[in-house]
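Note sheet for the following structure.
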Amino acid sequence: LKQFLGLRASNNSRIDARELFLLKSRTALTHVFRSVDTLNSLISLVDSIPNMVIGDHIADQVSLSIIGIERSCSAMEEGNLNLALLHSSLARDAAEKSFSDPSILALLYFPDDQKFAIYIPLFLPVGLPLLVSYLELLKEWRKNKVKSD
4 LKQFLGLRAS NNSRIDAREL FLLKSRTALT HVFRSVDTLN SLISLVDSIP
54 NMVIGDHIAD QVSLSIIGIE RSCSAMEEGN LNLALLHSSL ARDAAEKSFS
104 DPSILALLYF PDDQKFAIYI PLFLPVGLPL LVSYLELLKE WRKNKVKSD
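If you want the working numbering, it's the position in the sequence shown, counting the first as 1, plus 3.
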């Protein structure tokens, strides 16, 4: 079990205080790194999709994640690994929730070219007669303007 957790194998199957410290600090750091990585992926995703609307609930989750990362780092500096582990876990959960929000996932599967493919058949039959009527009105107006001069 110790080897599975990344600790040195020994005859003693119990985990001592030093090993527990290593496990907690490694787990807290892993959570912080995953949170930062997930938030960076979210930034890349938002930058790659033009006109992407981010809801307030997603922004709140991102803020919670950033606050959790900051608090976890502060707690690690103070040596309070239990608190660091708690905040890093909350930060990771908030980052994952913001990245996998259904409103973002729906936008991934509906790119701009599909919007054109859907809206052109809808608006072309309505828009074409309007355009032709407008052009005829414009011609008529120009004829009346030339006659009045």
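From the three backbone atoms N, C-alpha and C, an ideal C-beta is built for every residue, glycine too.
Short check: CB of residue i to CB of residue j, under 8 angstroms?
i, j, result
"residue 31", "residue 87", "yes"
"residue 38", "residue 98", "yes"
"residue 228", "residue 84", "Not covered by the structure: residue 228. The range shown for the chain is 4 to 152."
"residue 93", "residue 71", "yes"
"residue 129", "residue 76", "no"
"residue 107", "residue 61", "yes"
First and last residue of the alpha helix (DSSP H) that includes residue i?
i, result
"residue 39", "20–51"
"residue 79", "59–81"
"residue 91", "84–102"
Should the stretch 101–108 be called in touch with the stretch 127–134, which here means at least 3 C-beta pairs below 8 angstroms? no
Which residue spans inside the stretch 116–148 form an unbroken alpha helix (DSSP H) run of at least 4? none
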